[in-house]
Amino acid sequence: ELKVEQNPLFLSMQEGKNYTIYCNYSTTSDRLYWYRQDPGKSLESLFVLLSNGAVKQEGRLMASLDTKARLSTLHITAAVHDLSATYFCAVDGETSGSRLTFGEGTQLTVNP
Amino acid sequence: GAVVSQHPSWVICKSGTSVKIECRSLDFQATTMFWYRQFPKQSLMLMATSNEGSKATYEQGVEKDKFLINHASLTLSTLTVTSAHPEDSSFYICSADDGLAGRETQYFGPGTRLLVL
Numbered sequence: 459e460l461k462v463e464q465n466p467l468f469l470s471m472q473e474g475k476n477y478t479i480y481c482n483y484s485t486t487s488d489r490l491y492w493y494r495q496d497p498g499k500s501l502e503s504l505f506v507l508l509s510n511g512a513v514k515q516e517g518r519l520m521a522s523l524d525t526k527a528r529l530s531t532l533h534i535t536a537a538v539h540d541l542s543a544t545y546f547c548a549v550d551g552e553t554s555g556s557r558l559t560f561g562e563g564t565q566l567t568v569n570p
Numbered sequence: 187g188a189v190v191s192q193h194p195s196w197v198i199c200k201s202g203t204s205v206k207i208e209c210r211s212l213d214f215q216a217t218t219m220f221w222y223r224q225f226p227k228q229s230l231m232l233m234a235t236s237n238e239g240s241k242a243t244y245e246q247g248v249e250k251d252k253f254l255i256n257h258a259s260l261t262l263s264t265l266t267v268t269s270a271h272p273e274d275s276s277f278y279i280c281s282a283d284d285g286l287a288g289r290e291t292q293y294f295g296p297g298t299r300l301l302v303l
């Protein structure tokens, strides 16, 4: 059974600071996704990471994937209040046929 | 870009009634659609995988007779919660896979919030 674990689950940080969210998964995976969810809303796709060593950046967010360590990171640079949301990673296992397994989510609060 | 819609956005119903939720891919054909459920402050849990023209595949622990899924066309999948009870109150989200480009992306709908009284 594929398991996906995120760390931390709750994160409160000040504007301007940097931080990293970690996503570990338990079995070999084809691809890893990062999503953002605002309260009461559905998911917004942030990144799709398809291979070992993949790095993608969009604004203040940068995601990377290490398939050997089964680890993905979402790095936040110089956080701003607008980044406050819950962030999920999700993994599509090799045998899952596009079925995604989600991590628990990291609730990020950026304080002024 | 690919857009997935859900209808309704909100539904409040009495216990014992059935509720149908629609998921539509608006500008692409979805060979596969997925139904997720999210309880407050929790993650998304996959309920079932819906393939056009065939029976849905349910995840372990999901009652197929309670959550009826129909994927009658390449742009529409429906989830019917039969004999709903308060514990079925949740946020239901669908996603659609167009089957192209190596299955890299699922497109998520805006979700349907169900409250069973």
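Which chain is which? The protein sequence lines are A and B, in order. Start counting the first sequence at 459; every next residue gets the next number (my numbering). Start counting the second sequence at 187; every next residue gets the next number (my numbering). C-beta: ideal position from N, C-alpha, C; glycine also.
Secondary structure at H533/A: strand, using DSSP grouped into helix, strand and coil.
Residues of chain A whose Cβ lies closer than 7 Å to the Cβ of T264/B do not exist; the shortest such Cβ separation is about 18 Å.
Sorting R528/A, L532/A and E516/A by C-alpha distance to the C-alpha of S522/A places L532/A at the top.
S275/B sits away from S236/B, with the two beta carbons spaced by 8 Å or more. Rounded to the nearest angstrom, the Cβ distance from A270/B to V248/B is 15 Å, too far for a contact under 8 Å. Nearest to D540/A by alpha-carbon distance, out of N569/A, S503/A, L508/A and L467/A, is N569/A. Residue-level contact check: L558/A touches chain B, since one or more beta carbons of chain B fall below 8 Å from its beta carbon. The alpha-carbon of G297/B is positioned some 6 Å away from that of S500/A. When rounded, the separation of the alpha-carbon atoms in L529/A and C199/B is 42 Å. In chain order, L230 and F277 place their CB closer than 6 Å to the CB of Q224/B, counting only its own chain and leaving out the 5 sequence neighbours on each side. L212/B has no beta-bridge partner at all, per DSSP. For the stretch 235–268 of chain B, the set of residues with a beta-carbon nearer than 7 Å to any beta-carbon of chain A comprises T235, in chain order.
T564/A sits close to L467/A, with the two beta carbons spaced by under 8 Å.
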